[in-house]
Structures are given as C-alpha cells and as structure tokens.
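S.K.:
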Amino acid sequence: MGNRLSKIVTRTGDDGTTGLGDGSRVAKDSLRIDAIGAVDELNSSLGVLLAEPLPAHVGELLTSIQHDLFDLGGELSVPGYSAVTEEHVARLEEAVSRHNADLPPLKEFILPGGCRAAALAHVSRTVCRRAERAVVRLASGEAVNRSARMYLNRLSDLLFVLARTLNRAMKCNDVLWRKQRSAKRPGD
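So the sequence shown is numbered by the working numbering: it starts at 2 and just counts up by one.
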C-alpha cells in the first residue's frame, strides 16, 4: 500500500470526478461520495474526541469503532462489497447496554454538553446521524448493505450513552433541558 499512497497530488480529480475502489470514476458530488465523506467526517470527529483524556475502556472502544468506520468507508467505495456485518452491529448494541446499565434513568431531555469530552461525543453523535442520512439517501437508489445502515444507527445511540458516561466519569452533570426557560431570559 505504500506505493499507492506515495503520490498525493494526482490531478485526476481536477475534472470533478474521483475514483472508487473498484476503479470506476464518479462525480465528486454523487450520493456515494457524499456518504463516504460523511463517514470520513465522523471518523475524524471521533479522532478529536480521542484526543481528550478518556477512561481507557472508552478510548479502546472508540479506536475499535474508528477501524470499523474505515472499513465502512472502504465498503462504500466498492459498490456491491460488504465489510460491516451483523456482528459489528451486535458489538455496538452490547456496548450500549453495558454503558447504559451504569447510568441513572433519564427523566428529562438532555442538551449536548457537560464536560468537554461529553460535548465532543454529542458532536460526533450528530455527525453520525448526518452520515446515516447520507447512507440512507444512497440506499434509496443503489444497493447498500443493511448492516452498514444499522451500524450507524446503533453508533449514534452509543455516542449518546457515551456522552452521559463521560459526564459521569468526570463528575459532571448532564445538562437538562428546561421546558419553562422561555419565560425568563438570562440576566432578567
């Protein structure tokens, strides 16, 4: 692979197209490239979260997810290829259950925030939802592995739970949404 990546500037995309993993070329604004880019953005967002001080088990989980997302990007770059399986989805479901079991039940909606790591997990959650929407749009016109869509759906759930887990680990409260806040403005 070293030779493949040795030449970064190729000029082959100057015409507004890009190459897929199967050698075909598509427009850079195609639904497939949009989905690949959204998954890449999600992976980068997790990289920012991983730059924060995190509990070791959370860092290991997020690193494993980054590898899965790289595989998912590869899957999307080769039409008809599948890399993400039901086992990937099951691992995320297990992680959601494990992390959520230690959290108090939610009685109110929460706002994205709390400690910095939790806030970044919430940002990653919203980026994940955008990636999921991009993959669903792609699937409306082309064959897309069902497990890939399910994976992104479960991952956004996990990132919500991890945001709460990180707030708890940092002894920071979740930020609760206050329904009656509109009656008073800050400073009144």
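Using N, Cα and C, we set each Cβ at its ideal position, and we do this for glycine too.
In its own chain, which residues sit with a C-beta less than 6 Å from the C-beta of C173, not counting the 5 before and 5 after it?
M.R.: Against the sequence shown, residue 173 aligns to sequence position 172. If we look at C173 and ignore the five residues flanking it on each side, its Cβ neighbours are G115 and C116.
S.K.: Distance check for L104 and T19, CA to CA, integer angstroms please.
M.R.: Here residue 19 corresponds to residue number 18 of the sequence shown, with the count starting at 1. Here residue 104 corresponds to residue number 103 of the sequence shown, with the count starting at 1. Cα-Cα distance, rounded: 45 Å.
S.K.: With DSSP collapsed to three states, give me the class of G20.
M.R.: By 1-based counting over the sequence shown, the position of residue 20 is 19. Note: G20 maps to strand in three-state DSSP.
S.K.: Can you tell me whether F110 is buried or exposed? The criterion is at least 16 other CB atoms within 10 Å of its CB, across all chains shown.
M.R.: Here residue 110 corresponds to residue number 109 of the sequence shown, with the count starting at 1. F110 should be labelled exposed.
S.K.: Please classify L177 as buried or exposed, where buried requires at least 16 neighbouring CB atoms within 10 angstroms.
M.R.: In the sequence shown, the residue the question calls residue 177 occupies position 176. Exposed is the call here.
S.K.: Three or more C-beta pairs under 8 Å: does that hold for the segment 159-166 against the segment 78-92?
M.R.: Verdict: no, contact absent.
S.K.: Strictly by DSSP, which residues pair up with R26?
M.R.: Position 25 of the sequence shown, counting from 1, holds the residue named residue 26. R26 is bridged to G20.
S.K.: In whole angstroms, give me the CA-to-CA distance for I9 and E42.
M.R.: Translated into the one-based positions of the sequence shown, residue 9 becomes position 8. Translated into the one-based positions of the sequence shown, residue 42 becomes position 41. I9 and E42: Cα-Cα distance of roughly 19 Å.
S.K.: Whose CA, out of S78, L107 and N101, lies closest to the CA of E1?
M.R.: The structure shown does not extend to residue 1, since the chain spans only 2 to 189, so no value can be given for it.
S.K.: Rounded to whole angstroms, what is the Cα-Cα separation between R165 and D16?
M.R.: If you number the sequence shown from 1, residue 165 lands on position 164. If you number the sequence shown from 1, residue 16 lands on position 15. Taking the straight line from one Cα to the other gives about 45 Å.
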